[in-house]
Amino acid sequence: MLDTNFDPKSVEASLYEAWESSGAFKPKADGAPFAIVIPPPNVTGSLHIGHALNNTLQDILARFERMRGKSVLWQPGMDHAGIATQIVVERQLAEQGNIGRRELGREEFLKRVWTWKEESGGAITRQLRRLGASCDWSRERFTMDEGLSRAVLKVFVQLYKEGLIYKDKRLVNWDPKLQTAVSDLEVENIEVKGKLWRIKYPLAEGGGEIIVATTRPETMLGDVAVAVHPNDERYQALIAKMVKLPLTDRLIPIISDEYADPEKGSGAVKITPAHDFNDFEVGKRHKLAPVEVIDREARMTGDIPERFRGLDRFKARDAILAELEQDGLLDGAEDIAHAVPHDEKTKMVILEPMLTEQWYVDAKKLAEPAIAAVESGKTKFTPENFANTYFHWMRNIQPWCVSRQLWWGHQIPAWYAPDGKVFVEENEQAAKAAAKAHYKKDTPLSRDEDVLDTWFSSALWAFSTMGWPDDTPEVKRFYPTSVLVTMYDIIFFWVARMMMMGLHFMKDVPFHNVLIHARVVDEKGAKMSKTKGNVVDPLVLIDEYGADALRLTLAMKAAPGKDVRMGRGVVEGYRNFGTKLWNAARFCQMNECVNWTAFDPKSPKHMINRWIVSELTETAATVTKELEAYRFNEAAGALYKFVWNVFCDWYIELIKPLLNGSDEAALAETRATAAWVLEQIIRLLHPFMPFITEELWSRLGEFGPQRARMLIVEAWPVLPEGLIDKKAAEEINWLIDLVSLTRSARAELNVPAGAKIPLLLIGGAKESCKRLERHQELIDRLARLDYSTIADTAPAGAVTFVHGEATVALPLEGVVDFRAEASRLAKEVKRLDGEIAKIDAKLGNAEFVRKAPDAVIEEQRERRADALAAKAKLEAALERLRAAA
RNA sequence: GGGCGGUUAGCUCAGCGGUAGAGCGCUUCGUUUACACCGAAGAUGUCGGGGGUUCGAUCCCCUCACCGCCCACCA
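Counting from 38, one number per residue, gives the positions in the first sequence under the working numbering.
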């Protein structure tokens with residue numbers, strides 16, 4: 038016998054172990070392929086609520102399709118997360134009092150990172166198991182493992198040889214703390230309060246000055262010009278004149294360029310090509326060589342006055358401003374708010390545009406087929422509007438800087454000869470051979486120190502995890518994958534780049550569908566953050582309420598395009614649903630509704646059983662349809678309602694008399710039907726709540742014949758045609774309405790609990806009489822109606838409640854607040870009057886009658902007739918009420 | 001500056017051409033053997049403002065206001 042509560046803690050781990058060891062997570066040999074590659078979590082990561090959402094949705098799809106008979110590959114793995122991991126290990130070294138990585142040396146440092154990875158990395162894979170994620174762990178991959186690294190090398194070399202990867206010296210976003218370049222996407226512009234200083238640049242000849250405005254005075258040492266707009270009348274006379282750059286001996290020209298905006302600042306802008314992206318372009322246009330004055334640690338450097346050299350950029354700013362002030366060259370300053378580029382990880386370091394040589398991928402070229410594939414619908418976004426986001430970015434894509442000055446990552450396969458010539462090959466031998474061929478002799482080579490952007494290897498994930506570049510059965514069978522489930526924040530970082538790489542190397546899209554889900558935020562809708570202290574830890578929730586409760590909560594709230602609000606209160610609510618289900622099963626078990634042998638859902642004769650089969654059939658169809666459309670909330674919602682509000686609230690109540698009755702045939706049929714419906718419920722719920730359903734599957738199996746298989750590999754309910762029984766549905770819904778109605782009447786009129794309510798049927802109620810007779814015992818039990826007063830007219834002093842054919846009449850003596858009741862009735866009459874007037878206006882509108890569809894018009898007529906009839910009855914009741922009063 | 005989304009019950013949100021809905025919360029009542037992690041009933045809405053299309057608009061179009069988010073710029 039089941040206990041009254043499900044205890045997730047006692048079964049989750051062993052159920053998971055049983056699934057995994059049974060091989061259920063592996064793709065089966067036959068069946069249509071269905072593949073999902075997991076968005077690889079960082080090896081440093083631990084499961085946060087966003088992962089929980091992301092992987093719950095993937096798992097629902099994986100389990101759903103598995104049950105539908107497909108051969109499901111859910112490919113798991115982890116990302117080496119270059120920057121994040123390097124930071125973690127460096128911090129750990131520091132904490133342990135070790136020397137820094139530079140002192141340690143590259144080789145030794147990398148050894149430490151691998152050790153760290155083996156010992157502490159990948160906690161998240163254990164946590165994903167706790168969530169119930171049915172990934173094929175036997176195929177787990179890591180972006181730095183041997184196979185994936187081989188894929189990376191091959192891709193890099195091929196792109197290089199195709200001219201799609203090249204080295205270039207240009208401005209990049211530089212992180213002075215980490216000492217590496219980062220891509221545009223990794224920059225976070227944060228609005229800060231700053232000052233806009235106005236600085237006088239004296240003309241070289243003839244006195245006078247030009248005022249430039251800047252937020253970054255320290256870069257003035259690298260100025261190569263002052264630009265004004267060609268049409269700016271204020272400065273026409275000054276174009277081509279020279280100014281003396283303050284604090285230096287340099288003379289720089291005043292140039293004319295449309296970049297200068299007369300509206301901004303003074304209309305004259307200083308041009309510092311080495312330290313500003315726009316200025317770099319202006320400098321190029323005017324063939325002005327950049328002057329570098331800030332070094333890679335963000336200190337002042339280069340051909341500048343000795344006193345500034347080596348100063349930190351912000352100290353230099355203060356010093357420069359002080360001197361300008363002293364020299365009378367500062368023309369005031371105003372406070373402004375402006376966006377300053379920060380590193381996206383810590384948001385503490387201000388990035389510096391830095392002139393460096395880096396490796397770039399020609400993204401523009403690769404983007405073309407990637408754009409076309411979404412345009413043609415080969416890859417579809419859900420929700421669709423994210424395709425716009427994708428298009429916008431792809432059509433304006435910039436060269437992708439893929440080199441990073443880090444150690445942890447895929448080292449770039451480029452070797453340099455002493456003369457600087459580069460040889461890009463998959464390994465050192467090949468590079469040496471290439472060099473030998475070029476120089477006609479052995480030449481010493483040194484390898485590029487840099488590593489690749491982490492997203493470079495992630496971009497290959499959809500095929501590298503399947504064994505590419507080898508020609509594996511998995512690649513043949515599972516590429517392209519079916520659906521990629523991810524959040525919108527990595528559309529650019531990952532989705533777009535997977536599209537580019539997939540199309541280039543596999544000649545096909547990496548996935549047919551991209552399901553973009555929303556963020557998880559706190560109950561108030563605020564972003565979760567450690568500093569705010571509003572972070573909800575999924576592992577704590579699993580401990581407290583079980584993985585199923587968390588999963589159902591996430592699924593119920595995963596409406597397309599909507600943030601998922603999470604608090605523990607909601608999870609508690611869905612945990613209650615598990616208890617409800619558990620107790621429904623318990624009830625079934627107590628009543629021996631556990632024999633599921635060869636039940637034909639078409640066989641039941643009893644209305645109630647036919648009705649529940651019908652309802653179940655509709656629910657199963659809805660759940661299937663909604664899951665196919667990735668509307669998890671709709672699918673889960675339909676099940677929730679069916680289980681709680683139909684199966685538990687009504688069906689179980691309605692069959693109690695049958696289960697306790699003396700009709701053996703009805704008893705047997707009801708037991709079988711209840712058992713069958715419960716079993717379908719358990720199957721349908723399994724993708725959402727795998728643990729409780731699997732547990733119920735086996736526990737309920739203790740009573741019947743042996744279960745052959747675990748629920749995880751059982752079939753999804755596909756119900757035959759003809760199970761929808763409209764007649765039964767109508768009759769049972771009538772019954773339910775009648776019971777609700779009398780309950781409502783009882784409450785409203787304060788009828789004492791023990792007292793019966795006389796039932797009165799007025800006019801044309803033959804069918805109702807029959808129904809009443811058929812369900813007399815039930816109605817008596819649930820509504821406590823007294824049939825002795827069945828009559829065809831209402832006695833004076835009764836209030837009638839009209840519902841379809843049945844009218845419930847209640848004696849008023851002693852139980853009714855007449856005035857309140859009269860006012861209620863009057864109000865209702867008024868409402869009906871309004872409705873009738875509205876319909877009359879409609880029906881009186883010639884155009885409506887002419888143009889509206891017949892069905893709509895007929896509906897309006899019917900509604901009018903109903904309203905009129907209802908009104909008449911209410912008025913009569915009101916009359917009697919007044920008389921009685 | 002460009003783009004996307006939102007504005008519906010006290011709260012959180014569905015609905016997206018033809019009777020305004022759910023969950024939670026609230027009020028009242030109940031609890032005879034699945035479940036108090038329970039059951040029943042009830043109350044609450046100028047569907048953000050203004051215009052338009054339509055026989056008919058919460059729904060489609062335009063516009064305004066406010067709130068999110070993304071991209072770009074920021075002298």
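Just so it is clear, CB atoms sit at the ideal spot from N, CA and C, and this is done for glycine as well.
Treat the numbers as computed from the prediction; the structure is a model and nothing was measured.
According to DSSP, is Ala277 helix, strand or coil?
For this step, residue 277 is matched to residue 240 along the first sequence. Here Ala277 sits in coil by DSSP.
Between Gly504 and the rest of its own chain, which residues show a CB-CB distance below 8 Å, the 5 nearest in sequence each way excluded?
Looking up residue 504 in the first sequence gives position 467. Within the same chain, and ignoring the five residues on either side of Gly504 in sequence, the residues whose Cβ sits closer than 8 Å to its Cβ are Gly184, Glu511, Val512.
In whole angstroms, give me the CA-to-CA distance for Ala69 and Leu676.
Counted from its first residue, the first sequence places residue 69 at position 32. Counted from its first residue, the first sequence places residue 676 at position 639. Approximately 26 Å, taken between the alpha carbons.
State the Cα-Cα distance for the pair Val379 and Asn433, rounded to the nearest angstrom.
Within the first sequence, numbered from 1, the residue matching residue 379 stands at position 342. Within the first sequence, numbered from 1, the residue matching residue 433 stands at position 396. First, the residue type needs correcting, since residue 379 is His and not Val in the sequence shown. Distance between the alpha carbons of His379 and Asn433 is about 22 Å.
According to DSSP, is Ala262 part of a helix, a strand, or is it coil?
For the purposes of this step, residue 262 is taken as the residue at position 225 of the first sequence. Strand.
Determine contact between the segment 719 to 731 and the segment 574 to 587, defined as no fewer than three beta-carbon pairs at a distance below 8 Å.
Judged by pairs of C-beta atoms under 8 Å, the segment 719 to 731 touches the segment 574 to 587, as three or more such pairs exist.
Would you call the segment 519 to 533 and the segment 69 to 88 touching, i.e. three or more CB-CB distances under 8 Å?
Touching, yes.
Measuring straight from C-alpha to C-alpha, what distance separates Lys693 and Arg818?
For the purposes of this step, residue 693 is taken as the residue at position 656 of the first sequence. For the purposes of this step, residue 818 is taken as the residue at position 781 of the first sequence. For Lys693 and Arg818, the gap between their C-alpha atoms comes out near 10 Å.
Please give me, in chain order, every unbroken run of the alpha helix (DSSP H) with length at least 4 that falls completely inside the segment 857 to 896.
Entirely contained in the segment 857 to 896, the alpha helix (DSSP H) runs reaching 4 residues are, in chain order, 883 to 888.
Using 10 angstroms around the beta-carbon of Glu295, count the other beta-carbons present and answer buried if the total reaches 16, otherwise exposed.
For the purposes of this step, residue 295 is identified with residue 258 of the first sequence, where counting begins at 1. So Glu295 counts as exposed.
From what residue to what residue does the alpha helix (DSSP H) around Ser519 run?
Sequence index remark: in the first sequence, residue 519 carries index 482 (1-based). Premise fails: Ser519 lies in the beta strand (DSSP E), 518 to 524, not in any alpha helix (DSSP H).
Closest residue to Glu486 among Thr81, Ala326, Trp444 (Cα-Cα distance):
Along the first sequence, read from residue 1 onward, the residue named residue 486 stands at position 449. Taking Glu486 as reference, the option from Thr81, Ala326, Trp444 with the minimal CA-CA separation is Trp444.
What is the rounded straight-line gap between the Cα of Val189 and the Cα of Gly604?
As a first step, residue 189 is located in the first sequence; it is residue number 152 there, counting from the start. As a first step, residue 604 is located in the first sequence; it is residue number 567 there, counting from the start. For Val189 and Gly604, the gap between their C-alpha atoms comes out near 41 Å.
Given a cut-off of 8 Å, decide if Glu895 and Val866 are closer than it, judged by their beta-carbon atoms.
Here residue 866 corresponds to residue number 829 of the first sequence, with the count starting at 1. Here residue 895 corresponds to residue number 858 of the first sequence, with the count starting at 1. No. Outside cutoff.
Beta-carbon proximity list for Ala711, same chain, < 7 Å, skipping 5 on both sides:
The residue you call residue 711 lines up with position 674 of the first sequence. So the list reads Cys625, Cys630, Ile692, once near-sequence residues are dropped.
Is Leu905 helix, strand or coil by DSSP?
On the first sequence, position 868 is the one that residue 905 refers to. Helix at Leu905.
Three-state secondary structure (DSSP) at Asn550?
Residue mapping note: residue 550 aligns to position 513 of the first sequence, counting from 1. In the structure shown, Asn550 sits in a strand (DSSP, three-state: E or B).
Measure the beta-carbon distance from Asn670 to Met593 and round it to whole angstroms, keeping in mind my assumption that it falls under 8 Å.
If you number the first sequence from 1, residue 670 lands on position 633. If you number the first sequence from 1, residue 593 lands on position 556. The pair is a contact, with the Cβ atoms about 6 Å apart (cut-off 8 Å).
Considering only residues of the same chain and omitting the five flanking positions on each side of Phe927, which have a CB-CB separation below 7 Å?
Nothing can be reported for residue 927: it is not among the residues displayed for the chain, which extend from 38 to 922.
Counting pairs of beta carbons, one from the segment 252 to 259 and one from the segment 303 to 311, are three or more of them closer than 8 Å?
Contact between the segment 252 to 259 and the segment 303 to 311 is present, because at least three Cβ pairs lie under 8 Å.
Report all residues from its chain with a CB closer than 6 Å to the CB of Trp56; omit the five preceding and five following residues, and keep chain order.
Position 19 of the first sequence holds residue 56. Non-local C-beta neighbours of Trp56 in its own chain, meaning closer than 6 Å and more than five positions away in sequence, comprise Ile749, ordered along the chain.
Between which residues of its own chain and Arg736 is the CB-CB distance below 7 Å, once the five residues before and five after are set aside?
The residue you call residue 736 lines up with position 699 of the first sequence. For Arg736, the CB contacts under 7 Å within the same chain, skipping 5 residues up- and downstream, are Leu39 in chain order.
Span separating the alpha-carbon of Val224 from that of Ala118
Here residue 224 is taken as the residue at index 187 of the first sequence, counted from 1. Here residue 118 is taken as the residue at index 81 of the first sequence, counted from 1. Val224 and Ala118: Cα-Cα distance of roughly 17 Å.
Could you have a look at Ile645 and say whether DSSP puts it in helix, strand or coil?
Counting from 1 along the first sequence, the entry for residue 645 is found at position 608. Secondary structure at Ile645: helix, using DSSP grouped into helix, strand and coil.
So is Arg138 buried or exposed if we call it buried at 16+ other beta carbons inside 10 Å?
As a working mapping, residue 138 is identified with position 101 in the first sequence. Taking every protein chain shown into account, the CB of Arg138 has 16 or more other CB atoms within 10 angstroms, so this residue is buried.
Could you say which of Val80, Ile97, Ser58 lies nearest to Ala672 if we only look at CA atoms?
The residue labelled residue 672 in the question sits at position 635 within the first sequence. When each option's Cα is compared against that of Ala672, the closest is Ile97.
Decide if Asn770 is buried, meaning its Cβ has at least 16 other Cβ atoms within 10 Å, or exposed.
Locating residue 770 in the first sequence gives position 733, where the first residue counts as 1. It is exposed - the Cβ of Asn770 has fewer than 16 other Cβ atoms within 10 Å.
Which term fits Thr779, buried or exposed, when burial requires 16 or more other beta carbons within 10 angstroms of its beta carbon?
Indexing the first sequence from 1 puts residue 779 at position 742. By the neighbour-count rule (16 or more Cβ atoms within 10 Å), Thr779 is buried.
Taking the runs of the beta strand (DSSP E) that are 3 residues or longer, which of them lie wholly in the segment 193 to 250?
Listed in chain order, they are 202 to 212, 217 to 219, 224 to 239.
Write down every uninterrupted run of the beta strand (DSSP E) in the segment 376 to 412 whose length is 3 residues or greater and which is fully enclosed by it, in chain order.
Taking 3 residues as the shortest admissible run, the segment 376 to 412 contains the following complete beta strand (DSSP E) segments, listed from N- to C-terminal end: 389 to 398.
Here's a check: name, in chain order, each residue in its chain whose Cβ is nearer than 7 Å to the Cβ of Leu482, leaving out the five neighbours to either side.
Against the first sequence, residue 482 aligns to sequence position 445. Taken in chain order, the residues that qualify are Trp452, Tyr453, Ala454, Phe460, Ala468, Lys469, Ala472.
Three-pair Cβ contact test at 8 Å for the segment 539 to 557 versus the segment 434 to 441
For the pair of segments examined, the segment 539 to 557 was found not to touch the segment 434 to 441: the number of CB pairs separated by less than 8 Å stays below three.
State the Cα-Cα distance for the pair Trp153 and Trp619, rounded to the nearest angstrom.
Here residue 153 is taken as the residue at index 116 of the first sequence, counted from 1. Here residue 619 is taken as the residue at index 582 of the first sequence, counted from 1. The alpha-carbon atoms of Trp153 and Trp619 are separated by roughly 43 Å.
Under the assumption that Trp734 contacts Ile719 (Cβ atoms under 8 Å), give the Cβ distance between them as a whole number of angstroms.
Counted from its first residue, the first sequence places residue 734 at position 697. Counted from its first residue, the first sequence places residue 719 at position 682. Confirmed, about 6 Å.
Nonlocal neighbours in the same chain, by C-beta distance under 6 Å from Phe529, ignoring five residues either side:
By one-based count along the first sequence, residue 529 stands at place 492. Taken in chain order, the residues that qualify are Leu222, Trp430.
Thinking C-alpha only, which one of Val249, Gly302, Ile236 is nearest Glu362?
Position 325 of the first sequence holds residue 362. Considering only alpha carbons, the answer is Ile236.
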